[in-house]
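S.K.: I'd like to ask some things about the structure below.
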């Protein structure tokens, strides 16, 4: 073990200096009592980097379409602020929460529930044209990032959440015949991305997906 002469404390691991007083440690290094935290932080940091990049791309696309179609500035600003707040919350939870992924899925569901209550109370088509489709798209992008980072583990542990997100992404399509989405581009994009995620799961992970659903229904 490494020993600090100033503090008279022994330390495991291969530290060069005392974490208490910063004096040089003496003695032979021994294995640390806990594994290196870096091993477990690496996938989380990769996830945060991917989500941050995707969010930045969405913000750029939002600005581009806002200029192209002359969207109202208050709607664009509110959408951008909601996206930034969501990404900050997601990244913080991924880095610091003990079980961040289930928290993320439930966060999106809470956002959808709030948006639906808002629409029922106000019948404001901004909710159905922008808020709900964008929330669904962000949750689907999160699912894709999760599948890229965790691969088969994502389906093993979160198959029911993935299925719910696909269904939620398709539901905004019902706004079109109901007349709730006069401008239906984002609604159509949400449905398209949902179908693409579903197609990817059926092509690349069909057996594993059906197996996980079999376990859910047999439990």
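Residue numbers (the numbering used here): 25 to 243.
Glycine included, every Cβ here is placed at the ideal spot set by N, Cα and C.
Which residues does DSSP list as the beta-bridge partners of residue 26?
M.R.: Answer is 35.
S.K.: Provide the residue(s) that pair with residue 48 in DSSP beta bridges, ordered along the chain.
M.R.: According to DSSP, residue 48 bridges with 41.
S.K.: Do residue 136 and residue 192 have their C-beta atoms closer together than 9 Å?
M.R.: Against a cut-off of 9 Å, the Cβ pair of residue 192 and residue 136 comes out as a contact.
S.K.: Under 8 Å by Cβ, that's how I've got residue 27 and residue 49 pegged, so tell me the actual separation to the nearest angstrom.
M.R.: Residue 27 to residue 49, Cβ: 6 Å. Contact.
S.K.: Quick check: what's the CA-CA separation for residue 205 versus residue 91?
M.R.: Roughly 20 Å between the two C-alpha positions.
S.K.: Which residues in the same chain have their Cβ closer than 7 Å to the Cβ of residue 185, if we skip the five residues on either side of it in sequence?
M.R.: Excluding sequence neighbours, residue 185 sits near 129.
S.K.: So, with DSSP's three-state summary, where would you put residue 135?
M.R.: Helix at residue 135.
S.K.: Select from 141, 144, 224 the residue whose C-alpha is nearest the C-alpha of residue 164.
M.R.: Residue 164 has its Cα closest to that of 224, out of 141, 144, 224.
S.K.: From residue 140 to residue 155, what distance separates their C-alpha atoms?
M.R.: Looking at the two C-alpha atoms, the distance is approximately 10 Å.
S.K.: What residue from 222, 198, 169 has the CA that sits closest to residue 211's CA?
M.R.: The shortest Cα separation from residue 211 among 222, 198, 169 belongs to 198.
S.K.: What's the call for residue 227, buried or exposed, on a 16-neighbour Cβ count within 10 Å?
M.R.: The residue is exposed, with fewer than 16 neighbouring Cβ atoms inside 10 Å.
S.K.: Take the Cβ of residue 215 as the centre, count every other Cβ of all protein chains shown within 10 Å, and call the residue buried at 16 or more, exposed below.
M.R.: Its Cβ being crowded by 16 or more others within 10 Å, residue 215 is buried.
S.K.: Could you compute how far the alpha carbon of residue 97 sits from the alpha carbon of residue 107?
M.R.: The alpha-carbon atoms of residue 97 and residue 107 are separated by roughly 15 Å.
S.K.: Just tell me which of 190, 170, 222 has its CA closest to the CA of residue 69.
M.R.: The shortest C-alpha separation from residue 69 is found at 170.
S.K.: Going along the chain, which residues of its own chain have a beta-carbon closer than 7 Å to the beta-carbon of residue 200, five neighbours each way excluded?
M.R.: Excluding positions up to five away in sequence, the list reads 208, 211.
S.K.: Using 8 Å for Cβ pairs, my map puts residue 221 next to residue 190. What's the rounded Cβ distance?
M.R.: Yes, residue 221 and residue 190 are in contact; Cβ-Cβ is about 6 Å, under 8 Å.
S.K.: From residue 63 to residue 94, what distance separates their C-alpha atoms?
M.R.: Confidence at residue 63 is low in this model, with a pLDDT of 47, below 50, so its placement is unreliable and the value that follows should be read with caution. If I take the Cα positions, the gap works out to 47 Å.
S.K.: Let me know if residue 157 comes out buried or exposed under the rule of 16 or more other beta-carbons within 10 Å of its beta-carbon.
M.R.: Per the 10 Å Cβ criterion, buried.
S.K.: Among residues of its own chain, excluding the 5 on either side of residue 104, which ones have a beta-carbon nearer than 7 Å to its beta-carbon?
M.R.: Answer for residue 104: 83, 86, listed in chain order.
S.K.: Can you tell which of 142, 160, 47 has its C-alpha closest to the C-alpha of residue 194?
M.R.: Minimum Cα distance to residue 194 is reached at 160.
S.K.: In terms of residue numbering, what span does the alpha helix (DSSP H) encompassing residue 116 cover?
M.R.: Residues 97 to 120.
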